[in-house]
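Protein chains: 2
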Amino acid sequence: MWSGGYIAVDWGTTNRRAYRIGPDGGCDAEFEDEKGILSVKSGGFPRAVAEIRARLGDQPLMMGGMVGSNRGWVEAPYVPCPAGPETLAEHLVVIDAERAAIVPGLSYLDGNRADVMRGEEVQLFGAAATDLVPADCLVCHPGTHNKWVQLAGGRVTSFRTVMTGELFNLLRERSILSDLLVEDVVPGAAFRDGVRRGLSRESLSAQLFSVRAEVLLGQRPRSEAASFTSGLLIGDDIRAGLADVDHRQIIVMGRPELTQLYVAALEEAGRSAREVDGERAFIAGIREIVRQVR
Amino acid sequence: MWSGGYIAVDWGTTNRRAYRIGPDGGCDAEFEDEKGILSVKSGGFPRAVAEIRARLGDQPLMMGGMVGSNRGWVEAPYVPCPAGPETLAEHLVVIDAERAAIVPGLSYLDGNRADVMRGEEVQLFGAAATDLVPADCLVCHPGTHNKWVQLAGGRVTSFRTVMTGELFNLLRERSILSDLLVEDVVPGAAFRDGVRRGLSRESLSAQLFSVRAEVLLGQRPRSEAASFTSGLLIGDDIRAGLADVDHRQIIVMGRPELTQLYVAALEEAGRSAREVDGERAFIAGIREIVRQVR
Numbered sequence: 000m001w002s003g004g005y006i007a008v009d010w011g012t013t014n015r016r017a018y019r020i021g022p023d024g025g026c027d028a029e030f031e032d033e034k035g036i037l038s039v040k041s042g043g044f045p046r047a048v049a050e051i052r053a054r055l056g057d058q059p060l061m062m063g064g065m066v067g068s069n070r071g072w073v074e075a076p077y078v079p080c081p082a083g084p085e086t087l088a089e090h091l092v093v094i095d096a097e098r099a100a101i102v103p104g105l106s107y108l109d110g111n112r113a114d115v116m117r118g119e120e121v122q123l124f125g126a127a128a129t130d131l132v133p134a135d136c137l138v139c140h141p142g143t144h145n146k147w148v149q150l151a152g153g154r155v156t157s158f159r160t161v162m163t164g165e166l167f168n169l170l171r172e173r174s175i176l177s178d179l180l181v182e183d184v185v186p187g188a189a190f191r192d193g194v195r196r197g198l199s200r201e202s203l204s205a206q207l208f209s210v211r212a213e214v215l216l217g218q219r220p221r222s223e224a225a226s227f228t229s230g231l232l233i234g235d236d237i238r239a240g241l242a243d244v245d246h247r248q249i250i251v252m253g254r255p256e257l258t259q260l261y262v263a264a265l266e267e268a269g270r271s272a273r274e275v276d277g278e279r280a281f282i283a284g285i286r287e288i289v290r291q292v293r
Numbered sequence: 000m001w002s003g004g005y006i007a008v009d010w011g012t013t014n015r016r017a018y019r020i021g022p023d024g025g026c027d028a029e030f031e032d033e034k035g036i037l038s039v040k041s042g043g044f045p046r047a048v049a050e051i052r053a054r055l056g057d058q059p060l061m062m063g064g065m066v067g068s069n070r071g072w073v074e075a076p077y078v079p080c081p082a083g084p085e086t087l088a089e090h091l092v093v094i095d096a097e098r099a100a101i102v103p104g105l106s107y108l109d110g111n112r113a114d115v116m117r118g119e120e121v122q123l124f125g126a127a128a129t130d131l132v133p134a135d136c137l138v139c140h141p142g143t144h145n146k147w148v149q150l151a152g153g154r155v156t157s158f159r160t161v162m163t164g165e166l167f168n169l170l171r172e173r174s175i176l177s178d179l180l181v182e183d184v185v186p187g188a189a190f191r192d193g194v195r196r197g198l199s200r201e202s203l204s205a206q207l208f209s210v211r212a213e214v215l216l217g218q219r220p221r222s223e224a225a226s227f228t229s230g231l232l233i234g235d236d237i238r239a240g241l242a243d244v245d246h247r248q249i250i251v252m253g254r255p256e257l258t259q260l261y262v263a264a265l266e267e268a269g270r271s272a273r274e275v276d277g278e279r280a281f282i283a284g285i286r287e288i289v290r291q292v293r
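Set out below in structure tokens:
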């Protein structure tokens, strides 16, 4: 089904990116729009898929991301860790009538802890397949929900999600701290101060209120509040990410404005890390899954 | 100014309560409305005050709460701890032309930590003056922002604020957890399970995401998510509240639906606590401050 070329779709909650992959594996056309799964009405996926083919050609579709969630087109149940691209290929949800397949997400479960991911796994395996990240390392993948992922032999053995990006946005948009969190976050002294406090195991929600108190009492300039608060959250995040894992090489993969913050915070925690821009790794991940299916 | 009777006003962010106190110290009339300070336009306080007198009589006003903040009528600067009702009486901000006075808030500062309170201090001193709480104890005062307050000899020696209520509301109203946080919070097994995890010093923002993962992976019924999440936040809160304080008698003061949760959570932490309904303590606190002024 895939040897004549196909369309790879990274279909998230609020947007989608589609790439046309030729028989030789090269990407020769692509587009991005804001038709994330939340904008597709019940029963509307065949039409939303037809739009993709109208733009990129009448090819089979290989899709990853929230399109396989319980709010997406067809649910692709989570596959437990450890898992590699071959595991995803084995558990594809194929919609024959539509010449389409959905890549499942990953789950992690042990006695104490449960976690899920959906979308990042394709990017991760693509990054590993193209040597952007080593086959054995700890990957930090910041975004709305930061993922700390342990890779061993190119497979995901465990991972942990931290709500850092979402909490920061909630605090900035409509909390008691909103009027303080207006400046851009920069990885300077205030940020690093916040990281040290976030690493300290004090209660995060107590430390968050103290930002307001410090500004009101003249202990911290208002202009530092956003960077300090981001530091608090990322310090707490790093404490979670470095817990219970082999402390091997750390790679921070994502958008540069975020990865630079995590690298600075890891330095405060006494760890060095390498930054990787993973934007193109999704295509490589889909290519790797297709290779395993053939 | 006060011996002929006065009006005590608890003027908060979103509502206000006013009580007419007679020459004998008794409260013989009162009302509550939603004219919190945020609803008063710039320059509008004299008129908002005139409304109070129109309803309760042409008496002097003794006011506490956010009316003394930088978004209130006249700013009453924070008074540092340790402080008692006599300290508040000494630092009243008197608006002579209006026959009105504003009670200042309290601040706490040491090398590591800053905190502020505005409004709770009047209620606390009132509770101490009427033996609702002992002169020496740790008071937990839950609300949008929970306050842990150390009282010694009836004076506040230190305190710590935790954003628990506000964070829970933000998560419930518009986060990835919103569709899970719909049931009422009850202090049963799921709540206690959350408290134990919150007490554990793991990252709060990692634990919050795990709520979603546990439900998606069938590890926890959806109906338990709200109680479990509240338990996580309150467990983290209690860990902050019991840090660095003398572990004396603990009083939980506030609305019963909240105090019962904190008492259950303190039990999980191996501590017993007594519940107190502090709703009427504000009047006693104002009475105590007036007594110190005379």
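Heads up: the sequence lines are chains A and B, in that order. Residue 26 in numbering that gives the first Met the number 0 sits at position 27 of the first sequence; the count goes up by one each step and never skips. Residue 132 in numbering that gives the first Met the number 0 sits at position 133 of the second sequence; the count goes up by one each step and never skips. Glycine included, each C-beta is placed from N, C-alpha and C at the ideal position.
Any non-hydrogen atom of the ligand FAD closer than 6 Å to residue i Cβ
i               : result
V251 of chain A : Only the bare structure without any ligand can be found here, which leaves the ligand FAD out of the picture.
Identified DSSP bridge partners for residue i
i               : result
E318 of chain A : Lying before the first or after the last residue shown, residue 318 of chain A is absent from chain A, which here runs from 0 to 293.
L176 of chain B : DSSP lists no partner for L176 of chain B.
S106 of chain B : B:P79 and B:V115
A100 of chain B : B:M61 and B:V93
S157 of chain A : A:Q149
H140 of chain B : B:K146
I237 of chain B : In DSSP, I237 of chain B forms no bridge with anything.
F30 of chain B  : B:A17
Limits of the unbroken alpha helix (DSSP H) element including residue i
i               : result
I36 of chain B  : No alpha helix (DSSP H) contains I36 of chain B, which DSSP labels as neither H nor E.
R54 of chain B  : F44 to L55
L331 of chain A : In this structure chain A extends from 0 to 293, so residue 331 of chain A is not present and cannot be described.
D192 of chain B : A188 to G197
A283 of chain A : A280 to V292
Proximal residues of chain B, C-beta to C-beta of residue i below 7 Å
i               : result
L166 of chain A : S204
E97 of chain A  : The contacting residues do not exist; E97 of chain A stays about 25 Å from chain B at best.
Under 8 Å by beta carbon: chain B residues contacting residue i
i               : result
L216 of chain A : Y77, S106, L108, A113 and V115
H144 of chain A : I175 and F208
L232 of chain A : S204
A239 of chain A : E201, S202, S204 and A205
Assumed close pair residue i, residue j - CB separation to whole angstroms, cut-off 8 Å
i               : j               : result
A239 of chain B : E201 of chain A : 7 Å
A280 of chain B : G125 of chain B : 4 Å
T156 of chain A : P81 of chain A  : 5 Å
L55 of chain B  : L203 of chain A : Incorrect: roughly 43 Å between the Cβ atoms, too far for contact.
G83 of chain B  : G153 of chain B : 6 Å
R221 of chain B : L170 of chain B : Not a contact, Cβ separation roughly 15 Å.
A225 of chain A : V289 of chain A : Not quite, the Cβ-Cβ distance comes to about 43 Å (not below 8 Å), so this is no contact.
P59 of chain B  : Y5 of chain B   : 5 Å
Neighbour list for residue i in chain A, Cβ cutoff strictly below 7 Å
i               : result
M162 of chain B : S204, L207 and F208
E213 of chain B : A113
R159 of chain B : A205
Within chain A, the residues that residue i reaches when beta carbons sit closer than 9 Å
i               : result
R191 of chain B : Those within 9 Å of R191 of chain B in chain A number zero; the least Cβ separation is about 16 Å.
Residue i, enclosing beta strand (DSSP E) - first and last residue
i             : result
D9 of chain A : Y5 to W10
Proximal chain B residues relative to residue i, where beta-carbon distance stays under 9 Å
i               : result
D235 of chain A : S202, L203, S204 and A205
Chain A residues whose Cβ lies nearer than 8 Å to that of residue i
i               : result
A128 of chain B : Chain A residues near A128 of chain B: none, gap ~26 Å exceeds 8 Å.
S169 of chain B : A small fix is needed here, since residue 169 of chain B is Leu in this sequence, not Ser. Ordered by position in chain A, the residues that pass the 8 Å Cβ test against L169 of chain B are L169, L170, R173 and S174.
With three or more beta-carbon pairs closer than 8 Å as the criterion, would you say the segment 191-200 of chain A touches the segment 222-230 of chain A? By the criterion of at least three beta-carbon pairs nearer than 8 Å, the segment 191-200 of chain A is in contact with the segment 222-230 of chain A.
Across the segment 6-14 of chain B and the segment 57-75 of chain B, are there enough close Cβ pairs to call them in contact, namely three or more that are closer than 8 Å? Segments in contact, yes.
Three CB pairs or more closer than 8 Å across the segment 159-170 of chain A and the segment 129-147 of chain A: Taking a cut-off of 8 Å on C-beta distances, the segment 159-170 of chain A touches the segment 129-147 of chain A, as three or more cross pairs fall below it.
Say whether the segment 88-96 of chain B touches the segment 124-140 of chain B, bearing in mind that this needs 3 or more beta-carbon pairs closer than 8 Å, one atom from each stretch. Because the criterion of three Cβ pairs below 8 Å is not met, the segment 88-96 of chain B and the segment 124-140 of chain B do not touch.
Pairing CB atoms from the segment 102-114 of chain A with CB atoms from the segment 77-90 of chain A, are three or more of them under 8 Å? Yes, they touch.
Decide yes or no for the touch test of the segment 283-291 of chain A against the segment 36-45 of chain B: beta carbon pairs closer than 8 Å, at least 3 of them. In short, these stretches do not touch, since the Cβ pair count stays below three.
Is the segment 174-189 of chain B close to the segment 253-263 of chain B, with three or more CB pairs under 8 Å? Contact between the segment 174-189 of chain B and the segment 253-263 of chain B is present, because at least three Cβ pairs lie under 8 Å.
Decide if the segment 267-280 of chain B is in contact with the segment 243-251 of chain B; the criterion is three or more beta carbon pairs, one per stretch, under 8 Å apart. These segments touch.
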